[in-house]
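Using this note's numbering, read the sequence shown as starting at 400 and increasing by one per residue. Just so it is clear, CB atoms sit at the ideal spot from N, CA and C, and this is done for glycine as well.
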Amino acid sequence: MDFLKRLGFYLVGLSIGIVFLTFFLKKKSEETGAEFCYFPNCRTLKDIRSKPMSYSDDVSNLFSEKKIDTVDIVNILRNGEVDFSNSETKTTPCKTYIIEGSLKNKEAILKVRNCREKVLLESISY
């Protein structure tokens, strides 16, 4: 059997295997809620979402005035973009991140302090 024929069989088998694994791993990740985050933005947002969140007095006032809701915050923490150039990622013990996203069809900027055991949402600006 010549080389090109063997290479063709190998590539057909490899492509069938990749499709098979992609189908089953995608279904498995949907069932278990596992996410595959490799980029810094995704990893940072996932870390923030995994910890209990507390709110500053300013943000609590926005909640009491019904200007925002926790669903809006979760949406930004799921789909937002972290501005690493304006964030303070080297500070200890808590890092401060600036997260940009849309809040009720307006652009909003969240300032989040990410500590080891909890997250503090410091401010929301439009």
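Check                                                                               : Outcome
K503 to E464 span [Cα, whole Å]                                                     : 15 Å
Contact between the segment 474-481 and the segment 436-454 (3+ Cβ pairs under 8 Å) : yes
Selection from F422, C441, S522 that minimises the alpha carbon distance to R512    : S522
Cβ-Cβ distance between T443 and V473 below 7 Å                                      : no
Coil, strand or helix - N474 by DSSP                                                : helix
Start and end residues, beta strand (DSSP E) containing R512                        : 505-513
Contact set for K505: own chain, Cβ-Cβ below 8 Å, skip 5 residues either direction  : Y525
7 Å Cβ cutoff met for L520 and V418                                                 : no
Coarse secondary structure for S524, derived from DSSP in three states              : strand
Expected contact under 8 Å - CB spacing of I497 and K517 to nearest Å               : I497 to K517, Cβ: 19 Å. No contact.
Between the CA atoms of L424 and V411 - distance to the nearest angstrom            : 20 Å
I447, enclosing alpha helix (DSSP H) - first and last residue                       : 439-448
Closest Cα partner of C441 within the set F422, I415, F483                          : F483
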